[in-house]
Every structure is written in structure tokens, then in C-alpha cells.
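K.L.:
Chains as they are written, first to last, in the working numbering: chain A, 3 to 444; chain B, 2 to 310.
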Amino acid sequence: MSRTSLIIKREYLSRVRSRSFILTTFLTPLVFVAFIVGAAFLSVKGKEQLKVAVIDENGFFKNRLKSDNDVQFDFPANVDTSNYLGKGYAALLIISKIDTSKQQTFYIRSQKAIGIGAAQNIENKIDEVVEDNMLQQSGITRSKLDSIHDNSHIAKVVSLEENEGAAKESNQLLASVIGYVCGFLIYLVLLIYGMMVLRGVMEEKTNRIAEVIISSVKPFELMMGKIVGIGAVGLTQFIMWIVLIIVLSAGAQAFVPHDTMQQVQMLQQHNGMMQGNTEQVSEGAQFIFNAQHTLGTANWTLIILCFIFYFLGGYLFYASLFAAVGCVTEDIQNSQSLTLPITMPVIFSFIIGTNAVQVPDSSLAIWASIIPFSSPIVMMSRIAYGVPGTVPYWQLIASVLTLIAGFLFTTWLAGKIYRTGILLYGKKATWKEMMKWAFRSS
Amino acid sequence: MNIIELHHLKKYFATQRAVDDISFSIEQGSIFGLLGPNGAGKTTLLRMITGIFYPDEGEIILDGKKFDPLRDSIKIGYMPEERGLYKKMKIGEQALYLAQLKGMNKAEALEKIKFWFQRLEMQSWWNKKVEDLSKGMSQKLQFVITVLHEPKLIILDEPFSGLDPVNANLLKDEIYGLSQRGCTIIFSTHRMEQVEEICDHIVLVNLGNKILDGSVQQVKNDFKEHKFSIQLYEVPSTISSPAFEVINGEANKFVVKINDGFKSNDVLKHFIDQQVNVESFNEILPSLNDIFIRLVEGTKATTRQFQKI
Chain A
3 MSRTSLIIKR EYLSRVRSRS FILTTFLTPL VFVAFIVGAA FLSVKGKEQL
53 KVAVIDENGF FKNRLKSDND VQFDFPANVD TSNYLGKGYA ALLIISKIDT
103 SKQQTFYIRS QKAIGIGAAQ NIENKIDEVV EDNMLQQSGI TRSKLDSIHD
153 NSHIAKVVSL EENEGAAKES NQLLASVIGY VCGFLIYLVL LIYGMMVLRG
203 VMEEKTNRIA EVIISSVKPF ELMMGKIVGI GAVGLTQFIM WIVLIIVLSA
253 GAQAFVPHDT MQQVQMLQQH NGMMQGNTEQ VSEGAQFIFN AQHTLGTANW
303 TLIILCFIFY FLGGYLFYAS LFAAVGCVTE DIQNSQSLTL PITMPVIFSF
353 IIGTNAVQVP DSSLAIWASI IPFSSPIVMM SRIAYGVPGT VPYWQLIASV
403 LTLIAGFLFT TWLAGKIYRT GILLYGKKAT WKEMMKWAFR SS
Chain B
2 MNIIELHHLK KYFATQRAVD DISFSIEQGS IFGLLGPNGA GKTTLLRMIT
52 GIFYPDEGEI ILDGKKFDPL RDSIKIGYMP EERGLYKKMK IGEQALYLAQ
102 LKGMNKAEAL EKIKFWFQRL EMQSWWNKKV EDLSKGMSQK LQFVITVLHE
152 PKLIILDEPF SGLDPVNANL LKDEIYGLSQ RGCTIIFSTH RMEQVEEICD
202 HIVLVNLGNK ILDGSVQQVK NDFKEHKFSI QLYEVPSTIS SPAFEVINGE
252 ANKFVVKIND GFKSNDVLKH FIDQQVNVES FNEILPSLND IFIRLVEGTK
302 ATTRQFQKI
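Below, the structure written as C-alpha cells:
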């Protein structure tokens with residue numbers, strides 16, 4: 003067994019066997035699920051209904067201003083600004099005489115300021131009533147109005163992508179979710195595993211074991227062994243998460259009743275069109291079919307292949323820089339000023355990435371997805387929109403090649419810095435000195 | 002036969018001529034002391050011998066061939082001054098890992114580890130972690146790791162620091178044993194009494210240069226000041242003589258310095274002629290400590306200056 007593979011093996015096994023690896027591998031998905039469920043729960047539970055007393059000077063708002071989960075409107079008698087709190091209302095809305103020829107300002111009084119969402123909501127409701135009132139005044143009956151309202155919400159836009167003659171259904175929402183999730187995961191990978199490399203290198207330096215090992219292997223072998231070993235740990239963790247997701251969703255399917263699954267299969271055979279006998283299809287089956295159909299619009303093979311490539315490429319690009327910082331610092335506090343120039347591009351690319359999810363073909367998104375500093379995150383945010391639709395082949399190839407060149411360069415650079423830095427004690431080097439070590443001739 | 006020869010080694014750093022043209026050779030099976038004040042260039046020299054640094058100039062001949070760090074790492078065992086081990090790794094696994102990095106295969110390494118652990122009564126440590134060990138214990142472990150692969154050349158930087166006398170003796174016996182089995186040991190230390198006790202041959206470096214090279218006995222002889230201590234049964238009537246000067250002493254016990262042109266027997270003759278019985282008569286050789294201080298003092302080695310190269 004070669005020395006580098008011995009080092010990789012140690013770095014890998016010592017981490018994978020540790021309790022914290024097993025805990026994070028199994029707990030992180032649980033924490034994520036708990037976080038999503040918790041956030042959803044809070045957003046439903048957290049809102050209180052706002053009780054609003056209304057003084058209407060026009061006389062046509064009563065019974066037409068609709069209450070909902072967020073706001074309840076009441077029209078009590080004898081309420082004024084001095085006694086609405088005593089009568090159990092949180093706010094008092096005064097709708098003064100309306101002059102439809104100009105913009106109107108109404109005042110809502112309360113002890114606490116009304117949130118911007120609630121204020122918007124109340125504005126819309128007042129507008130609706132005013133609109134109804136005006137329509138009725140121009141001779142449209144109530145029932146006519148209701149039926150117009152019910153029947154006018156019919157539009158649904160489905161985007162079709164030109165794909166060598168055949169248009170393919172695409173789903174912007176799914177693509178943006180995939181782009182966001184992938185970009186976020188790469189962002190986490192770069193920071194978490196990058197810091198793990200930094201700590202590992204620093205540990206070897208402060209423990210002074212580096213000197214013992216470097217008397218048997220080349221410094222570069224030690225550095226690469228560590229980077230590759232930790233990269234393998236990260237890959238293992240991701241594979242375990244993917245397996246976990248597959249097992250869990252298979253487990254979830256087992257809970258779906260058998261006849262629902264049969265209906266889903268029928269839907270699949272008829273491509274979602276069930277003429278005549280729609281009553282046979284339950285809501286659950288329709289939901290599962292829709293979910294599967296939506297997921298099917300994404301090119302999963304491409305996304306997973308690209309994810310693995312950008313995961314590894316981005317990791318190698320940044321991990322060697324983190325290793326270079328690790329080898330010149332002896333404690334984590336000191337390393338912070340040196341890691342800042344590395345973490346800043348990662349954070350910036352995440353910001354560009356969230357932007358690229360919304361506008362995948364802006365020129366900022368295109369350039370950031372080719373430059374190796376940001377390409378792992380930004381390209382992953384764009385790729386779900388489709389290759390070669392949104393991301394032409396030349397961009398993907400350019401991005402892949404520059405990232406490979408990029409990590410070869412950073413590894414070479416870090417190797418030079420590492421060789422000098424790992425045995426130097428006592429003083430913290432600056433980036434300027436590190437560059438000098440990297441570019442001197444010997 | 003020489004196990005290692007250094008020819009005109011030079012290593013310059015940005016502000017320091019750490020090693021400036023040093024040559025010496027070490028005979029196989031000897032215990033060699035590399036001495037020098039702090040910052041003299043010892044560690045740089047050792048790092049070149051272990052292949053951690055490449056010399057800027059000069060060459061190293063190991064075992065008759067030009068030194069190739071990667072191929073020859075199995076021939077060298079290096080215990081740096083700052084002990085280094087993975088704190089969280091189990092001791093047995095750690096020893097195995099480091100032995101394999103040296104190029105031993107697994108079965109061979111396991112066998113050697115078991116042998117050494119048994120010999121130094123460390124069997125119960127196998128599943129412990131380094132962080133559970135005391136300083137002395139981890140020192141012992143570091144020593145075992147250094148010699149595990151039976152290197153021909155063992156380099157020990159301050160091997161006894163932090164060891165109690167019992168463990169220090171244990172280690173000393175192992176070092177003697179290794180040298181009897183043909184291993185060569187390079188010993189780097191400031192502790193002159195240990196050097197005097199253990200080493201056959203010493204080199205003293207200062208400010209990146211070699212300033213002394215020879216066997217311990219030879220060096221002491223070279224620096225002797227012809228001082229003798231003499232103890233007599235009776236108080237002599239006169240102690241003044243052209244043959245020697247009394248440096249200090251009481252009634253029947255003196256330290257004398259023999260004048261040029263006279264020999265030790267002339268001192269004895271002076272007292273014997275007076276019918277005074279001599280109880281003891283010894284030459285006082287300077288200690289290595291004295292020699293070290295004499296050579297290093299006044300060279301500003303203690304506050305070595307940064308310099309332009």
C-alpha cells in the first residue's frame with residue numbers, strides 16, 4: 003500500500019468511525035425535517051387573529067368586509083377611539099366618507115403597530131368592497147358578480163422548452179428549488195469540509211506530529227492524503243443521506259393504501275388524462291401522481307453527475323486553500339483573519355447563487371458559473387433549468403475545465419505554502435509571505 | 002565504516018545562515034553527540050539528515066550512497082525535540098500507522114510493536130489514547146515509534162527531557178543496546194553530563210559552523226589545563242616549587258597547575274622528597290560543560306543576530 007493511500011485511509015477511517023460522524027449523518031436530515039416542520043407549524047400557529055372594530059361612515063361596508071384567519075372585522079355600535087380597547091378590540095379602523103375620484107387614506111388605530119402584511123391585507127379588502135360597490139352601482143347584480151369572480155380564475159401557465167424539435171415540459175418552481183438546494187449544499191460542503199481540512203492540518207502542526215510524518219513522506223503527500231481522505235468522508239456522508247432519503251420515501255410509500263398506488267399507476271399509463279371516470283381517482287393518488295410527474299420533469303442524471311463533479315471540484319479548489327491557512331496557524335482564533343479571504347468568495351457565490359436561481363441567464367450568473375471561485379455554487383443553481391436550454395454546452399464545458407484548472411492551481415499553490423509553513427513555528431505568516439513561499443523559484 | 006558523511010552542507014534561510022558549510026562523518030555503531038547552543042543550527046542540520054529539508058549546497062552520503070529521503074526513510078528513525086503524536090488516536094493503531102508510513106508491512110510492524118511494547122511493559126496501552134498518557138509515558142511511546150523499524154541511524158533530539166531517573170536509565174540502557182546491535186545514534190542535547198556519559202564522539206556547532214569535532218576523550222585532552230588534585234597524609238613543610246603553582250587548597254589538599262616544561266611526576270617528586278605520603282593524585286580534565294561554555298561564550302551566540310545574506 004502506498005504511503006499516500008495509507009494517509010488517506012487513516013484520515014478517512016478516523017473520521018468515519020468517530021461518534022460525531024455517525025451522529026451528524028443521521029441527525030442532520032432529522033434536524034432539517036424538524037426545522038421545516040417547525041417553521042411551517044409556527045407560520046400557521048404563530049399568527050393571531052387581529053380583532054378590528056370598524057366605524058363606517060359610508061354605510062355599505064357592513065357584512066361585505068370579509069373576515070378571514072388573519073383579520074376579523076366587527077361593526078359594533080357606540081365604539082370610538084377612547085373605548086375600543088376596553089371593548090376587547092385590538093384595533094379601530096375608521097373608514098371615512100369615500101370620494102372615488104381620488105386616493106384615500108384611512109386610519110387604523112391600535113396599541114401595537116400593525117404589521118405590513120396585515121395593513122396590505124386590510125387595504126385589499128377595502129378595495130374589493132369599493133370595487134364591488136362601484137360595479138353594482140353601474141348595474142351588475144350581486145349574483146352575476148359572484149359568478150364572474152368564480153369563473154375568471156382559469157389561467158395556468160406551463161412553460162415548454164424547445165428541445166431539438168420536441169417541446170419538453172419544464173417546471174420553473176422545481177428547477178429553482180433544486181437549484182437553491184444544490185447551491186446551498188455545495189456552500190455547506192465548502193465551508194464545513196474546508197474547515198475540517200484546516201483543523202486537521204492545524205492539529206498536525208500543533209501536535210508536532212507533522213515533523214515525524216514528514217521524515218517519512220513528502221509534505222505534499224501528507225497534505226493530499228488529508229484533503230482526499232476528508233473529501234471521501236464528505237462523499238460518504240452525502241451517499242448515506244441519499245440512501246436515507248430513498249429508504250425513507252420507500253418507507254413512506256409503504257404506508258400509502260394499495261388501491262391508491264394502483265390508481266397512480268393508471269394515471270401514469272394514461273399520462274394524467276382520465277376521461278370520464280375521474281371520480282375513481284382519489285385526491286391522494288392525484289397528489290402522488292402530480293408529485294412524481296413534476297419530479298420527472300427534471301434531468302436527475304445530469305443534476306446528480308454535476309452535483310458530484312462540483313462537490314468534488316469545489317471542495318478540492320477550496321480545501322487546498324484551507325490547508326494552506328491551516329499550516330501557518332497554531333490556533334483557530336489566529337486563523338480567522340487568514341480564512342476570511344477564502345470564506346468571502348464562498349459567501350459571495352452563495353449570494354450570487356440565490357440570485358441565479360431567480361434569473362438563471364443573467365450575465366452575472368453566467369460569468370459567476372464559469373469562474374472557478376464561484377462556479378460550484380452558481381452553476382449548481384442554474385443547472386436544474388436545463389442543459390442545453392438555459393445553460394448552453396459551451397458554458398458547462400468552460401465551467402468544468404476552468405474548475406479543473408482552478409483546483410490544480412490551488413493545490414499546487416497550497417503544496418508550496420504547506421511545505422514551508424508546516425514546520426515553521428512561533429509566528430503567524432501573512433498572505434503576502436505565503437505567496438512569497440509559493441512563487442519562489444526553489 | 003561511516004554510516005553517514007556530510008560534505009559541505011549549507012542551508013540559508015531568508016535572514017539566517019542556519020548551516021554554513023558543515024562537514025563531518027559518523028562511524029557505524031557509535032553514539033554521536035551533536036552539541037550547540039540554542040539557535041546554532043542543530044535542528045536544521047538534523048532536518049537535512051532526516052530528509053525534511055533539502056540542503057542548498059553540499060551532499061549527504063548515507064550508508065555509502067547518496068542520500069535519497071524517500072528511499073532511505075526506513076533507514077532513519079527521528080525523534081524530534083517537540084514530541085508529536087495524534088492525541089485522539091489509539092496507541093496501538095498509531096504505532097502501526099507510523100511504522101507502515103516508514104515502509105514496513107503490516108505483519109512485520111505488528112510483530113515489532115508487540116516486541117517493544119512487551120519489552121518496555123506497555124502492553125496495556127494498546128487501546129488507550131495518547132491524551133491518556135503522562136508526559137513520560139508518551140516519551141517512551143515516541144521512543145518506541147522511533148526505533149520500531151530498526152533504523153540503522155537513530156536521531157534523538159533531547160530524548161531524556163521530562164523523564165524521571167528510573168525511566169531515563171531504562172531508555173539509556175535501550176540506547177546502549179541498540180548501539181551494540183550496530184545502530185548508530187545521533188544525540189542532540191544541551192545536557193553535557195549526559196553527553197559525557199553516553200557519547201563516543203561529539204561535534205559542536207555554533208552560529209552555523211562546526212567548531213569542535215572529536216572523541217569525548219580527545220576533546221577533553223585537547224582542552225586540558227594540566228591541573229591535578231593532590232591529597233596528602235601529612236601537612237608538607239613547603240608547597241612552593243618551580244614545577245607547579247597552587248591554584249587553591251587547604252593544609253593537605255590542593256589543586257595545582259603544572260608549569261611548562263614539567264611533568265606530573267615532578268609534582269609527586271616534590272612531596273616524596275619531603276617524605277610526605279601521597280594519598281591520591283588525579284588529573285583534572287575540563288568537563289564538556291566548561292569547554293562548551295568557553296567556546297560559545299563571547300561569540301554572541303546567545304543572542305544571534307539576523308543578518309542579510
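Think of the CB as a built atom: it goes at the ideal place given N, C-alpha and C, for glycine as much as any other residue.
How should Ser37(B) be labelled, buried or exposed, when 16 other C-beta atoms within 10 angstroms of its C-beta is the threshold for buried?
P.N.:
Here residue 37(B) refers to the residue found at position 36 when the second sequence is read from its first residue. It should be noted that the sequence gives Gly, not Ser, for residue 37(B). It counts as buried.
K.L.:
Using the beta-carbon of each residue, which ones in chain A are nearer than 8 Å to Leu99(B)?
P.N.:
Indexing the second sequence from 1 puts residue 99(B) at position 98. Chain A residues near Leu99(B): Val214, Ile215, Ser218.
K.L.:
Where does Arg421(A) land, buried or exposed, given buried means 16+ other C-beta within 10 angstroms?
P.N.:
As a working mapping, residue 421(A) is identified with position 419 in the first sequence. When all chains shown are included, Arg421(A) counts as buried.
K.L.:
Under the three-state reduction of DSSP, which class applies to Val361(A): helix, strand or coil?
P.N.:
What you label residue 361(A) is simply residue 359 of the first sequence in a count that begins at 1. In the structure shown, Val361(A) sits in coil (DSSP, three-state: anything other than H, G, I, E or B).
K.L.:
Give the secondary structure of Thr30(A) by DSSP, where H, G and I count as helix, E and B as strand, and everything else as coil.
P.N.:
As a position in the first sequence, residue 30(A) is number 28, starting the count at 1. In this structure, Thr30(A) counts as helix in the three-state DSSP scheme.
K.L.:
Buried or exposed, going by whether 16 or more other CB atoms sit within 10 Å of the CB of Tyr395(A)?
P.N.:
By 1-based counting over the first sequence, the position of residue 395(A) is 393. Result: exposed.
K.L.:
What residue range is occupied by the uninterrupted alpha helix (DSSP H) comprising Ile93(B)?
P.N.:
Sequence index remark: in the second sequence, residue 93(B) carries index 92 (1-based). The identity of residue 93(B) in the sequence shown is Gly, whereas the question assumes Ile. Start and end: 92-102.
K.L.:
Can you name, in chain order, every residue of its own chain whose Cβ lies under 6 Å from the Cβ of Arg66(A), other than the five neighbours on each side?
P.N.:
Numbered from 1 along the first sequence, position 64 holds the residue referred to as residue 66(A). The residues are Val131.
K.L.:
Here's the rule: buried if 16 or more other CB atoms are within 10 angstroms of the residue's CB, otherwise exposed. What is Asp73(B)?
P.N.:
Along the second sequence, one-based indexing puts residue 73(B) at 72. Classification for Asp73(B): buried.
K.L.:
Cα separation between Ile187(B) and Cys200(B)?
P.N.:
By 1-based counting over the second sequence, the position of residue 187(B) is 186. By 1-based counting over the second sequence, the position of residue 200(B) is 199. About 9 Å.
K.L.:
Can you grab the Cα-Cα spacing for the pair Asp363(A) / Asp134(A), in whole Å?
P.N.:
Taking the first sequence and counting its residues from 1, the one referred to as residue 363(A) is at position 361. Taking the first sequence and counting its residues from 1, the one referred to as residue 134(A) is at position 132. About 42 Å.
K.L.:
Is any beta-carbon of chain B found at less than 9 Å from that of Glu332(A)?
P.N.:
Mapped onto the first sequence, residue 332(A) falls at position 330. So no, Glu332(A) is outside the interface.
K.L.:
Assuming Gly355(A) and Ile385(A) are in contact, meaning their beta carbons sit under 8 Å apart, how far apart are those beta carbons, in whole angstroms?
P.N.:
Numbered from 1 along the first sequence, position 353 holds the residue referred to as residue 355(A). Numbered from 1 along the first sequence, position 383 holds the residue referred to as residue 385(A). Not really, about 11 Å apart at Cβ, beyond 8 Å.
K.L.:
Return the Cβ separation of Leu149(B) and Ile114(B) in integer angstroms, given the expectation that the two are a contact with Cβ distance under 8 Å.
P.N.:
Walking along the second sequence from the start, residue 149(B) turns up at place 148. Walking along the second sequence from the start, residue 114(B) turns up at place 113. Going by Cβ atoms, the distance from Leu149(B) to Ile114(B) rounds to 6 Å, so yes, they are a contact pair.
K.L.:
Using 8 Å as the cut-off, can you tell me whether the segment 229-242 of chain A makes contact with the segment 5-19 of chain A, which would need three or more C-beta pairs spanning the two stretches below that distance?
P.N.:
Result yes; three or more Cβ-Cβ pairs closer than 8 Å.
K.L.:
Determine whether the beta carbon atoms of Val204(B) and Phe25(B) lie at a separation below 9 Å.
P.N.:
Residue numbering aside, residue 204(B) sits at position 203 when the second sequence is read from its first letter. Residue numbering aside, residue 25(B) sits at position 24 when the second sequence is read from its first letter. Going by C-beta atoms, Val204(B) is nearer than 9 Å to Phe25(B).
K.L.:
Report the option in Ile50(B), Gly40(B), Leu10(B) whose CA atom is closest to the CA atom of Thr16(B).
P.N.:
Translated into positions along the second sequence, residue 16(B) becomes position 15. Nearest of Ile50(B), Gly40(B), Leu10(B) to Thr16(B), Cα basis: Gly40(B).
K.L.:
Just the C-alpha distance for Gly423(A) and Thr331(A), rounded to the nearest angstrom, thanks.
P.N.:
For the purposes of this step, residue 423(A) is taken as residue 421 along the first sequence, with counting starting at 1. For the purposes of this step, residue 331(A) is taken as residue 329 along the first sequence, with counting starting at 1. Cα-Cα distance, rounded: 9 Å.
K.L.:
State the Cα-Cα distance for the pair Pro343(A) and Phe409(A), rounded to the nearest angstrom.
P.N.:
Here residue 343(A) refers to the residue found at position 341 when the first sequence is read from its first residue. Here residue 409(A) refers to the residue found at position 407 when the first sequence is read from its first residue. One C-alpha to the other measures close to 16 Å.
K.L.:
Measure the Cβ-Cβ separation of Pro160(B) and Thr190(B) and say whether it is below 9 Å.
P.N.:
Residue numbering aside, residue 160(B) sits at position 159 when the second sequence is read from its first letter. Residue numbering aside, residue 190(B) sits at position 189 when the second sequence is read from its first letter. Yes.
K.L.:
Spell out whether any CB of chain B is found under 9 Å from the CB atom of Ile211(A).
P.N.:
The sequence position of residue 211(A) within the first sequence is 209, counting from 1. Judged by the 9 Å Cβ criterion, Ile211(A) is in contact with chain B.
K.L.:
Along the alpha helix (DSSP H) that carries Gln264(A), what are the first and last residues, could you check?
P.N.:
Sequence index remark: in the first sequence, residue 264(A) carries index 262 (1-based). From DSSP, the alpha helix (DSSP H) with Gln264(A) extends over 260-271.
K.L.:
Looking at C-beta atoms only, is the number of pairs between the segment 270-285 of chain B and the segment 238-247 of chain B that lie closer than 8 Å three or more?
P.N.:
The segment 270-285 of chain B vs the segment 238-247 of chain B: in contact.
K.L.:
May I have the straight-line CA-CA distance separating Ile146(B) from Ile32(B), to the nearest angstrom?
P.N.:
In the second sequence, the residue the question calls residue 146(B) occupies position 145. In the second sequence, the residue the question calls residue 32(B) occupies position 31. The alpha-carbon atoms of Ile146(B) and Ile32(B) are separated by roughly 19 Å.
K.L.:
Can you confirm whether Lys153(B), when its beta carbon is compared against all beta carbons of chain A, has any partner nearer than 9 Å?
P.N.:
What you label residue 153(B) is simply residue 152 of the second sequence in a count that begins at 1. Chain A, which has no Cβ nearer than 9 Å to the Cβ of Lys153(B), makes this no.
K.L.:
Return yes when the Cβ of Trp243(A) is within less than 9 Å of the Cβ of Thr27(A), no when it is not.
P.N.:
Taking the first residue of the first sequence as 1, we reach residue 27(A) at position 25. Taking the first residue of the first sequence as 1, we reach residue 243(A) at position 241. A contact, by the Cβ cut-off of 9 Å.
K.L.:
Using 10 angstroms around the beta-carbon of Met2(B), count the other beta-carbons present and answer buried if the total reaches 16, otherwise exposed.
P.N.:
Taking the second sequence and counting its residues from 1, the one referred to as residue 2(B) is at position 1. Looking at its Cβ environment, which holds fewer than 16 other Cβ atoms inside 10 Å, Met2(B) is exposed.
K.L.:
Output the distance between the C-alpha atoms of Gln277(A) and Asn71(A), rounded to the nearest integer angstrom.
P.N.:
Numbered from 1 along the first sequence, position 275 holds the residue referred to as residue 277(A). Numbered from 1 along the first sequence, position 69 holds the residue referred to as residue 71(A). Confidence in Gln277(A) is poor, its pLDDT being 49 and thus under 50, which makes the residue's placement unreliable; the coordinate value appears in the next sentence. Taking the straight line from one Cα to the other gives about 37 Å.
K.L.:
Report the three-state DSSP secondary structure of Tyr13(B) (helix, strand or coil).
P.N.:
Position 12 of the second sequence, counted from the first residue, corresponds to residue 13(B). Strand, per DSSP.
K.L.:
Return the first residue and the last residue of the alpha helix (DSSP H) that Phe229(B) is part of.
P.N.:
The residue given as residue 229(B) occupies position 228 in the second sequence. No alpha helix (DSSP H) holds Phe229(B); the beta strand (DSSP E) holding it covers 228-233.
K.L.:
Which residue spans inside the segment 3-56 of chain B form an unbroken beta strand (DSSP E) run of at least 3?
P.N.:
Complete beta strand (DSSP E) runs here, min 3: 3-14, 17-28, 32-36.
K.L.:
For the 8 Å Cβ check, are there 3 or more pairs between the segment 49-58 of chain A and the segment 93-107 of chain A?
P.N.:
Result yes; three or more Cβ-Cβ pairs closer than 8 Å.
K.L.:
Could you check what DSSP says for Gly278(A) in three-state terms: helix, strand or coil?
P.N.:
Stepping through the first sequence from its first residue, residue 278(A) is reached at position 276. A caution first: Gly278(A) carries a pLDDT of 48, below 50, which makes its placement in the model too unreliable to give a value.
K.L.:
Helix, strand or coil: how does DSSP classify Pro106(B) here?
P.N.:
On the second sequence, position 105 is the one that residue 106(B) refers to. Note that residue 106(B) is Asn in the sequence shown, not Pro. Reduced to three states, the DSSP call for Asn106(B) is coil.
K.L.:
Using a 10 Å radius around the Cβ and a threshold of 16 neighbouring Cβ atoms, would you call Asn207(B) buried or exposed?
P.N.:
The sequence position of residue 207(B) within the second sequence is 206, counting from 1. Buried, by the Cβ-count rule.
K.L.:
Please tell me whether Leu149(B) has its Cβ less than 9 Å away from any Cβ of chain A.
P.N.:
Residue 149(B) sits at position 148 when you count from the first residue of the second sequence. No, its Cβ sits nowhere closer than 9 Å to a Cβ of chain A.
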